[in-house]
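To start, the structure under review is shown below, and the notes come after it.
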Amino acid sequence: MPKADTAEVLDIDGREVRITNPDKAYFSREVKLSKLDVVRYYLSVADGAVAGVRDRPNMLKRFVDGAEQSPFYQKRAPDNRPEWLRTVTLSFPSGRTAEEVVVDDTAGLAWIVNLGCIELHPHAVRTNDLDHPDELRIDLDPGPGVEWPDVRAVAMEVKSLLEEVGLRGWPKTSGSRGMHVNVRIQQHWTFTEVRRAALALSREIERRAPKLATSKWWKEERHGVFLDYNQNAKDRTTCSAYSIRPLPDARVSAPLRWEEIPDCEPAEFTVLTMPGRFKAIGDPNARMDGAAGSLEKLLELADRDEASGLGDAPWPPHFRKTDSEPTRVAPSRAKGAKKPKASSEETTSGEKTTGKKATGKKTPTANTASTKTAPKPRSKMPLIVVANSPHKEAALAGLERWKSKHPDAASHLAVDDVLVDAMRGRSSTWTRIRLNLRNVPEKIRPPQETPDPDDDPTRAWREARGKRP
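Throughout the sequence shown, residue numbering follows the working numbering, covering 60 to 528 in sequence.
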């Protein structure tokens, strides 16, 4: 006997959107939410949520089995989609292309949420110009043990610096432990130039708040709040405003007014509380599109950094190396690292280097620092891997087993010596846990053992491609 069709069809602004398996549990721990509850949440904040994704290519992060199971990433728009849903062809640093979904209205929003997209992941470009971002994204990512007041303090430093360079930031909670500050910019600069501006900003915040903030890419070198400049590289996305995060309390990424930051708490903003807040105060980001500014002063700051000997900083691993980028190897593997080779004719994202910005002023490109200096020697960190797993809970359980096995060494670990890495696979994420043994006396440091568990889902793929396991 055929299974009964339980789908619910919603009429949204004259368009029918079919919600399949509407009663399927999407959250079942602290809050109980069905798939239809999630769709209804997005409909209640649709004006704000659509504003964050409208007219942009969207990477689909699909939690098809709910927020408590692992998602997978889908760049290409599904073949079975409504005729009224737009797509656009986006190119990536690898040279590949994908036809990605573009959300223009509430019906389109409901349609992608039905796919399991409880988080919204738009790119930083509009469909009219896919090579020049209209958004600078400042991602404040607290390290282990960093308290929320430190994140708020760094956010206020970001606000001050942005105002000094003639830009306006629009803050929001990340929906987890961090904060995002988005800046609307004129569509004059390439991805490489926008990332260069973000790197300059990150380094300046580190100088102003050295005990609270860091611009260091490698986790083993970080402390405090990391300003992730690489979120501005091509092909990177962050969750947009009003996105639900896969946490037990169904927390959301909440746009804020700057005056709210000193007293706000991320746990205040959930699927249950956000609709009432939105109805009461509207969207704090509503005027963002009218505040597009210039990157000129941040790029001048980048010029000064490069003239003083600061070259490029590490890019994500799948990007082409640049001339002024330091050796792309973690400090824990620094010994024997080879000098990178790169073409001076092409930037990391494949853009041709002309030495000119759209404004006509000459500026160093991403490949060429104004002054080349010998790289500073780095200490090799004593890191070991203790767990690899597609499931974070299983990896954390492996960490506890390691601590039980090596109690003396574990007693010397600082909070930020435990590195919990969310690793990106081909279409999903997995968790790797490493320990930095720098605070453990050398005579009692355990050697690298077989991780427990040791289930890296990308290992077979990387070995087949001849890459190091």
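Glycine included, C-beta positions come from ideal geometry on N, C-alpha and C.
Those residues which DSSP pairs with residue i across a bridge
i	result
residue 341	Its beta-bridge partners do not exist; DSSP assigns none.
residue 515	Note: residue 515 sits in no beta bridge, so no partner.
residue 483	488
residue 180	118
residue 78	67
residue 310	329
residue 159	147
residue 478	493
residue 185	188
residue 93	84
residue 352	244
Residue closest to residue i, alpha-carbon to alpha-carbon, out of the options
i	options	result
residue 352	369, 292, 229 and 375	229
residue 468	495, 456, 478 and 490	495
residue 249	365, 199 and 184	184
residue 118	293, 211, 179 and 66	179
residue 9	216, 303, 475 and 99	In the structure displayed, the chain extends from 60 to 528; residue 9 sits before or after that span and is not available.
residue 199	341, 493 and 235	235
residue 386	373, 378 and 379	373
residue 277	439, 139 and 227	439
residue 132	483, 504 and 490	483
residue 517	489, 500, 498 and 499	489
residue 575	322, 377, 481 and 137	No answer is possible for residue 575: it lies beyond the span of the chain, which begins at 60 and ends at 528.
residue 389	296, 279 and 338	279
residue 368	87, 322, 122 and 259	259
residue 453	473, 479, 232 and 314	479
residue 145	297, 163 and 335	163
residue 220	242, 233 and 231	242
residue 92	312, 124, 455 and 336	124
residue 297	244, 310 and 196	196
residue 136	161, 143, 128 and 441	161
residue 310	263, 261 and 233	233
Neighbourhood of residue i by C-beta distance below 7 Å, restricted to the same chain and skipping five residues each side
i	result
residue 73	none
residue 102	165 and 169
residue 267	216
residue 527	With a pLDDT of 49 at residue 527, under the threshold of 50, the modelled position of this residue cannot be trusted; read the value that follows with caution. Result list for residue 527: empty, nothing under 7 Å.
residue 514	447, 448 and 449
residue 134	118, 157 and 159
residue 71	165, 166 and 169
residue 176	119, 120 and 121
First and last residue of the uninterrupted alpha helix (DSSP H) at residue i
i	result
residue 462	451 to 464
residue 278	First-last for residue 278: undefined, no H or E at that position.
residue 105	105 to 112
residue 300	Neither: residue 300 is in no alpha helix (DSSP H) and is coded neither H nor E.
residue 173	165 to 173
residue 360	355 to 366
residue 207	207 to 223
Same chain only: Cβ atoms within 6 Å of residue i, ignoring 5 sequence neighbours per side
i	result
residue 444	493 and 510
residue 151	294
residue 316	343
residue 299	111, 112, 179 and 181
residue 431	Below a pLDDT of 50, predicted positions are generally treated as unreliable, and residue 431, at 44, falls in that range; the measurement from the model is reported next regardless. Correct list: empty, nothing qualifies.
residue 100	330
residue 305	126
residue 355	none
residue 148	156 and 158
residue 473	498
residue 451	490
residue 436	Since pLDDT at residue 436 reaches only 49, below the 50 mark, its modelled position is unreliable, and no value is offered.
Residue range of the unbroken beta strand (DSSP E) whose run includes residue i
i	result
residue 116	116 to 121
residue 197	194 to 201
residue 238	238 to 243
residue 264	Premise fails: residue 264 lies in the alpha helix (DSSP H), 250 to 267, not in any beta strand (DSSP E).
residue 230	229 to 232
residue 132	131 to 133
residue 442	442 to 448
residue 84	84 to 86
residue 271	Element bounds for residue 271: n/a, residue is neither H nor E.
residue 286	284 to 286
Any non-hydrogen atom of the ligand ADP closer than 8 Å to residue i Cβ
i	result
residue 96	No copy of the ligand ADP occurs in the structure displayed, which carries no ligand at all.
Cβ shell of residue i (< 8 Å), same chain only, five flanking positions each side left out
i	result
residue 284	199, 200, 201, 202, 205, 209, 210, 213, 237, 271, 272 and 273
residue 457	445, 446, 448, 492, 510, 511 and 512
residue 95	67, 78, 81 and 82
residue 375	289, 292 and 295
residue 6	Summary: the structure shown does not reach residue 6, with the chain confined to residues 60 through 528, and so no result is reported for it.
Chain D within 9 Å of residue i, Cβ atoms only
i	result
residue 258	Although the question refers to chain D, the structure presented lacks it and comprises just one protein chain.
Inter-stretch contact (C-beta, 8 Å, three-pair minimum) for the stretch 507 to 515 and the stretch 457 to 464: yes
Cβ contact check for the stretch 331 to 346 and the stretch 104 to 124: 3 or more pairs under 8 Å: yes
The stretch 324 to 335 touching the stretch 182 to 194, judged by at least three CB pairs closer than 8 Å: no
Sufficient close CB pairs (3 or more, under 8 Å) joining the stretch 284 to 296 to the stretch 79 to 94: no
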